[in-house]
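Colleague: Before anything else, here's the structure in question.
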Amino acid sequence: MQRTHRISAFAATAGLAIGLMATTAFAQTTVRIAWYSDGNEGEVVSDLLKRFEAQNKDIKVALDQVPYKAITENLPVQLASGQGPDIARVVDLGGVARYALDLRPYLKDASYWEKNFGPFLPWMRPEGDSSAITGFMTQLTVTGPFVNKTLFEQAGIALPGAKASWEDWGKAVKAVADKVQAPFPLAMDRSGHRFFSVAVAEGAKVFDDKGEPAVIDDGFKRAAKLVYDWHNSGVMKKELWGSVSGTAYRGANDEFKNAQVVLYHSGSWQIAQFDKTVGDAFDWVAVPSPCGAGNCSGMPGGAGLVAIKTTKNPEAVAKVMDYLASEPVLSEFYARSLFVPGHLGIAAKGLDYKDASPQAKAALKVFSDQVAQLSPVAYKLQGYVNNRVIFNAVISRLGQAISGEGTLDEAYKRIESDVAQQIAERKK
Amino acid sequence: MAAAETKPRRDGAGGAGSLAAPLALLMRLVDWPMRALQRLIGERRMAYVFILPNLAFFSLFVFLPLLINFVFSVTGGAGLFPSERPFVGAQQYGYLFDCGSFLDPSSCREDHFWRGVANTARFTIFQVTAMVLLSLLTAVVLNMKIRARGFFRAVYFFPVLLSPVVVALTWKWILQRDGLLNAAITSLGGERILFLVDPGWAMFWIVFVSIWAHMGFYTLILLAGLQAIPADLYEAAEMDATPRWRVFWRITLPLLWPNMIVVIVLALIRGVQTFDEVFVLTGGGPGTATLMIVHYIYETAFANQVQNFGLAAAASVVLGVVLFALTLAQLAASRRKGAA
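Right, dumping it as structure tokens:
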């Protein structure tokens with residue numbers, strides 16, 4: 001009888017131990033990603049992560065798809081309070097950099113990252129850090145114009161050439177709009193980033209010799225005057241830049257899709273969306289960045305996938321990042337999302353955008369070619385940690401001048417003081 | 001007779017009956033400690049014990065945030081936690097009130113704050129005046145014996161049930177370049193009007209939409225007040241052949257005055273706090289033509305890259321002082337009327 005009890009006790013203990021071991025074996029670490037989408041990239045990354053989970057049973061990836069505004073406004077507060085996700089897809093790379101995790105101790109091969117993401121890594125580094133690896137670019141964007149070619153054809157006006165200036169384009173689109181009764185000859189996103197693509201082309205230097213912001217110079221003024229005059233002459237309509245206050249973003253996607261815009265100055269991230277939504281309603285083309293007095297540069301930019309330092313699972317986070325940044329996975333991601341690659345190896349080999357229409361493929365080529373035209377000033381501004389301070393001040397004050405609340409000179413003074421005040425506040 | 005009416009039912013039928021036994025048990029359980037507590041602290045102090053749960057709730061969700069807000073308003077920097085923020089005293093208030101002339105926002109360091117103040121004042125004056133008058137008119141009409149009175153009461157109250165964002169989006173579709181209103185205007189041969197791009201029109205429409213959305217609530221309060229006026233007063237006036245306007249002026253308005261004060265003060269407070277509808281409808285534009293104080297606070301705290309919580313908190317304190325003054329005015333007006 002006693003022996004039976006002993007056997008039962010042994011069996012029960014062994015069962016419990018095996019159960020516990022099994023539980024431990026299947027215990028999952030959850031990695032949470034905050035992700036926003038411009039097009040279909042949310043679906044694509046979701047697919048890729050399912051494959052990752054199948055290969056890594058011990059890691060569960062929770063992909064929180066959130067609106068863009070949640071990334072720009074709510075995420076910084078979450079991160080400051082230590083309650084953020086483990087990984088986030090962000091556009092304000094400099095603003096989020098101070099919350100970013102240096103992945104180097106956890107990565108399989110840090111040199112792979114340095115080799116392939118090298119030029120973009122400084123954009124995601126905290127101020128003063130010159131070596132951390134905190135993430136990679138899920139897309140490299142380049143600003144540039146989309147043109148409704150059908151409207152040009154209907155008006156019987158030829159498209160300006162590859163080296164045409166902003167003024168040339170302004171005149172051409174106004175002539176087209178007048179002829180075909182299109183309400184918006186030229187639309188530009190209400191975004192500091194987009195404005196600076198014109199400003200840099202016009203020769204804006206943005207920084208002084210010490211590398212400190214010196215936003216207002218002749219190049220900047222030329223661009224501001226151009227945009228201001230366009231609003232007065234009807235080339236641009238006040239619905240975007242003049243209709244809202246402060247830092248509010250306004251795009252003209254819907255107007256472009258509805259063939260109301262002749263030229264829409266936006267950027268490469270719109271390709272997938274236009275490919276899907278415009279379809280064969282009209283012919284649209286991306287054209288090289290128009291030239292200004294300084295050069296023919298646009299602005300680089302994009303969204304980075306950044307690891308967050310408050311994560312409790314840095315090893316698992318690094319594993320997810322290593323997987324997503326690996327060449328085959330990232331190639332598939334860029335190709336299916338129709339993004340300009342932010343991976344030097346992939347860019348050098350070239351990508352086959354299998355799912356893209358001929359229009360989208362052509363547009364992708366135009367934007368990819370533009371990367372070589374980007375001015376060093378544009379790269380420096382994109383990598384500047386307080387760039388959104390500058391962008392926001394410009395949108396807000398230029399918007400006021402455009403809507404008739406003061407002169408351009410007043411706007412310049414306000415831009416300088418807004419930038420100085422905000423940077424001083426951050427340094428306190 | 002009265003005793004018979006208030007005698008509790010003992011048949012156990014209905015929800016109240018089935019709850020009586022457990023409630024009685026609960027009361028018996030609470031009774032002993034409460035009596036002991038009353039003996040200990042005295043009958044007068046027991047009132048504080050009863051309001052304690054609500055006070056705790058208010059302290060946690062109202063007074064504590066107020067205190068935290070004040071602490072933020074005397075700190076600077078971009079840190080989130082008070083411990084990460086340097087004490088700057090009244091500097092943020094100094095920034096807000098650093099003005100060449102308070103009548104010229106462009107002479108102020110924080111010009112957007114003062115533009116917000118000016119716009120909020122203009123909006124509140126127009127909106128409250130128009131809304132109180134229209135609510136009064138609507139309440140008087142809905143109090144008459146008109147056909148389909150119940151239907152009209154529901155119709156006027158319906159917008160109150162809608163979310164402010166839904167209201168603003170609906171009107172945006174009506175007012176935008178290719179919206180319903182412009183479609184109607186152009187189909188009648190008129191010129192398209194950019195209602196949300198012209199500063200004058202934008203202010204007009206945010207006042208209009210706000211009245212449309214909230215008038216039902218104030219109409220309801222006034223309607224309740226109208227129905228509380230004794231009918232015999234009107235009958236006496238009718239027997240004296242008093243003109244209608246005189247009846248309104250001498251009977252209706254004086255007796256409705258307590259309700260009017262409530263409506264005016266509630267509308268004033270709501271007007272000063274306006275944000276959501278305007279934010280969605282005009283985004284504070286064109287330029288800053290419809291930028292309100294609360295919108296300024298939101299922009300300063302959350303929309304900028306450097307989230308200036310200190311300045312936003314200082315502006316919130318200033319707004320709080322204005323609202324507090326309005327509430328005191330309401331109390332004073334109510335007391336004066338009560339005393340009269």
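Read top to bottom, the protein sequences are chains Y and F.
First residue of the first sequence: 1, per the UniProt record's numbering; consecutive thereafter.
First residue of the second sequence: 1, per the UniProt record's numbering; consecutive thereafter.
Glycine residues also receive a C-beta, built at the ideal position from the N, C-alpha and C atoms.
As the structure is a computational prediction, the values presented were derived from the model and not from experiment.
1) Applying the criterion that 16 or more other CB atoms from any shown protein chain within 10 Å of the CB defines a buried residue, is F/Ile68 buried or exposed?
2) F/Ala78 touches chain Y at which residues, Cβ-Cβ below 7 Å?
3) Between Y/Thr407 and chain F, is any beta-carbon pair separated by less than 8 Å?
4) Could you tell me which chain F residues have their CB closer than 8 Å to the CB of Y/Asn392, listed as they occur along the chain?
5) Beta carbon of Y/Arg222, beta carbon of Y/Gly292: below 8 Å?
6) I want to verify the contact list: residues of chain Y whose CB lies under 7 Å from the CB of F/Val197, in sequence order.
7) Please report the distance separating the alpha-carbon of residue 342 of chain F from that of F/Met215.
8) Taking the alpha carbon of Y/Gly170 as the point to measure from, which residue in Y/Leu263, Y/Gln181, Y/Ser243 has its own alpha carbon closest?
9) Please list, in chain order, the chain F residues whose beta carbon lies closer than 7 Å to that of Y/Arg388.
10) Would you mind giving the Cβ-Cβ distance between F/His112 and F/Tyr296, rounded to the nearest angstrom? I have them listed as a contact below 8 Å.
11) Just curious, the alpha helix (DSSP H) that Y/Arg388 is in, first and last residue?
12) Using a Cβ-Cβ distance cut-off of 8 Å, determine whether F/Arg177 contacts chain Y.
13) Rank Y/Asp189, Y/Val96, Y/Phe152, Y/Tyr99 by C-alpha distance to the C-alpha of Y/Asp178 and give the top, closest one.
14) Would you tell me roughly how many angstroms separate the C-alpha atoms of F/Ala267 and F/Val128, rounded to the nearest one?
15) On the DSSP letters alone, give me the boundaries of the beta strand (DSSP E) that Y/Met137 sits inside.
16) What is the residue span of the beta strand (DSSP E) that Y/Met188 lies within?
17) Quick one: is F/Pro86 near chain Y, going by C-beta distance under 8 Å?
18) Name the chain Y residues that come within less than 8 Å of F/Leu266, Cβ to Cβ?
19) Beta-carbon within less than 6 Å of F/Ser135's beta-carbon, same chain only, minus the 5 sequence neighbours each way: which residues are those?
20) Any beta carbon of chain Y sitting closer than 8 Å to that of F/Glu235?
21) If you count every other CB in all the chains shown that lies within 10 Å of the CB of F/Tyr48, and 16 or more means buried, which is it?
22) What's the gap between the Cα of Y/Arg32 and the Cα of Y/Val61?
23) Skipping 5 residues on each side, what residues in its chain have a beta carbon closer than 8 Å to that of F/Ile146?
24) Rounding to the nearest angstrom, what Cα-Cα distance links Y/Gly406 and F/Thr124 in this structure?
25) DSSP three-state call for F/Ile193: helix, strand or coil?
26) Between Y/Gln181 and chain F, is there a C-beta pair that is closer than 8 Å?
27) Between Y/Tyr334, Y/Leu344, Y/Ala372, which has its C-alpha nearest Y/Lys354's C-alpha?
28) Do F/Gly283 and Y/Ser131 have their C-beta atoms closer together than 8 Å?
29) By Cβ distance, which residues of its chain are closer than 6 Å to F/Arg115, with the 5 residues on each side in sequence left out?
30) Does the CB of Y/Glu410 have a neighbour CB from chain F at under 8 Å?
31) With C-beta atoms as the reference, is Y/Val317 less than 8 Å away from Y/Ala307?
32) Would you say the region 287-303 of chain Y touches the region 366-376 of chain Y, given that touching needs at least three Cβ pairs under 8 Å?
33) Determine, for F/Asn69, whether the minimum Cβ-Cβ distance to residues of chain Y falls below 8 Å.
34) Report yes if the CB atom of Y/Tyr99 is closer than 8 Å to the CB atom of Y/Ile71, and no otherwise.
35) Just by C-beta distance, which residues in the region 92-126 of chain F are closer than 9 Å to chain Y?
36) At a cut-off of 7 Å, is F/Phe151 close to the ligand GDP when judged by its beta-carbon and the heavy atoms of the ligand?
Modeller: On the basis of the supplied data:
1) Within the second sequence, the letter at position 68 stands for residue 68 of chain F. Its Cβ having fewer than 16 others within 10 Å, F/Ile68 is exposed.
2) On the second sequence, residue 78 of chain F is found 78 positions in, with the first residue counted as 1. By Cβ distance, chain Y contributes Glu425, Arg426.
3) Indexing the first sequence from 1 puts residue 407 of chain Y at position 407. Judged by the 8 Å Cβ criterion, Y/Thr407 is not in contact with chain F.
4) Counting from one through the first sequence, the residue named residue 392 of chain Y turns up at place 392. Within 8 Å Cβ-Cβ: Ala303, Asn304, Gln305.
5) Mapped onto the first sequence, residue 222 of chain Y falls at position 222. Mapped onto the first sequence, residue 292 of chain Y falls at position 292. Contact: yes.
6) For the purposes of this step, residue 197 of chain F is identified with residue 197 of the second sequence, where counting begins at 1. For F/Val197, the neighbours in chain Y by C-beta distance under 7 Å run, in chain order, Lys238, Glu239, Gly242, Ser243.
7) Given a span of 1 to 340 for chain F in the structure shown, any question on residue 342 of chain F remains unanswerable.
8) In the first sequence, counting from the first residue as 1, residue 170 of chain Y sits at position 170. Of the candidates Y/Leu263, Y/Gln181, Y/Ser243, the one whose C-alpha sits nearest the C-alpha of Y/Gly170 is Y/Leu263.
9) As a first step, residue 388 of chain Y is located in the first sequence; it is residue number 388 there, counting from the start. Residues of chain F passing the Cβ test: Gln305.
10) Reading the second sequence from its first residue, position 112 is the one you call residue 112 of chain F. Reading the second sequence from its first residue, position 296 is the one you call residue 296 of chain F. Between F/His112 and F/Tyr296 a beta carbon distance of about 5 Å is seen, short of the 8 Å cut, so the two are scored as contacting.
11) By one-based count along the first sequence, residue 388 of chain Y stands at place 388. 387-402 is the span of the alpha helix (DSSP H), which, as asked, contains Y/Arg388.
12) Numbered from its first residue, the second sequence carries residue 177 of chain F at position 177. F/Arg177 counts as touching chain Y.
13) Counted from its first residue, the first sequence places residue 178 of chain Y at position 178. If we check each option's Cα against that of Y/Asp178, Y/Phe152 comes out closest.
14) The residue you call residue 267 of chain F lines up with position 267 of the second sequence. The residue you call residue 128 of chain F lines up with position 128 of the second sequence. Cα-Cα distance, rounded: 6 Å.
15) Position 137 of the first sequence holds residue 137 of chain Y. In the DSSP assignment, Y/Met137 falls within the unbroken beta strand (DSSP E) covering 135-148.
16) Within the first sequence, the letter at position 188 stands for residue 188 of chain Y. Residues 184-188.
17) Numbered from 1 along the second sequence, position 86 holds the residue referred to as residue 86 of chain F. Judged by the 8 Å Cβ criterion, F/Pro86 is in contact with chain Y.
18) Your numbering for residue 266 of chain F matches position 266 in the second sequence. The premise fails here: F/Leu266 is roughly 27 Å from chain Y at the closest Cβ pair, so nothing lies under 8 Å.
19) Here residue 135 of chain F refers to the residue found at position 135 of the second sequence. Spatial neighbours of F/Ser135 in its own chain (CB-CB distance under 6 Å, excluding positions within 5 residues in sequence) are listed in chain order as Met215, Tyr218, Thr219, Leu222.
20) Locating residue 235 of chain F in the second sequence gives position 235, counting from the first residue. Chain Y, which has no Cβ nearer than 8 Å to the Cβ of F/Glu235, makes this no.
21) On the second sequence, residue 48 of chain F is found 48 positions in, with the first residue counted as 1. Counting Cβ neighbours within 10 Å, F/Tyr48 comes out exposed, since fewer than 16 surround it.
22) The sequence position of residue 32 of chain Y within the first sequence is 32, counting from 1. The sequence position of residue 61 of chain Y within the first sequence is 61, counting from 1. Roughly 6 Å separates the two Cα atoms.
23) Residue mapping note: residue 146 of chain F aligns to position 146 of the second sequence, counting from 1. Same-chain partners within the cutoff: Phe152.
24) Within the first sequence, numbered from 1, the residue matching residue 406 of chain Y stands at position 406. Within the second sequence, numbered from 1, the residue matching residue 124 of chain F stands at position 124. Roughly 25 Å between the two C-alpha positions.
25) For the purposes of this step, residue 193 of chain F is taken as the residue at position 193 of the second sequence. In the structure shown, F/Ile193 falls within a coil segment according to DSSP collapsed to helix, strand and coil.
26) Stepping through the first sequence from its first residue, residue 181 of chain Y is reached at position 181. With 8 Å as the cut-off, Y/Gln181 does not count as an interface residue toward chain F.
27) To locate residue 354 of chain Y, count along the first sequence from 1; it is residue 354. Nearest to Y/Lys354 by alpha-carbon distance, out of Y/Tyr334, Y/Leu344, Y/Ala372, is Y/Tyr334.
28) Numbered from its first residue, the second sequence carries residue 283 of chain F at position 283. Numbered from its first residue, the first sequence carries residue 131 of chain Y at position 131. No, they are not a contact pair.
29) Mapped onto the second sequence, residue 115 of chain F falls at position 115. These residues qualify, in order along the chain: Pro105, Thr288, Leu291.
30) Counted from its first residue, the first sequence places residue 410 of chain Y at position 410. At least one CB atom of chain F sits nearer than 8 Å to the CB of Y/Glu410.
31) Indexing the first sequence from 1 puts residue 317 of chain Y at position 317. Indexing the first sequence from 1 puts residue 307 of chain Y at position 307. Their beta carbons are under 8 Å apart, which means Y/Val317 touches Y/Ala307 by this criterion.
32) Contact between the region 287-303 of chain Y and the region 366-376 of chain Y is present, with at least three C-beta pairs closer than 8 Å.
33) Along the second sequence, read from residue 1 onward, the residue named residue 69 of chain F stands at position 69. Among the residues facing chain Y, F/Asn69 is not included, as its CB has no counterpart in that chain under 8 Å away.
34) Numbered from its first residue, the first sequence carries residue 99 of chain Y at position 99. Numbered from its first residue, the first sequence carries residue 71 of chain Y at position 71. For the 8 Å CB-CB criterion, Y/Tyr99 and Y/Ile71 do not form a contact.
35) For the region 92-126 of chain F, the beta-carbon criterion of a distance under 9 Å to any beta-carbon of chain Y is satisfied by Tyr95, Ser106, Arg109, Asp111, His112, Arg115.
36) This structure lacks the ligand GDP, and indeed carries no ligand of any kind.
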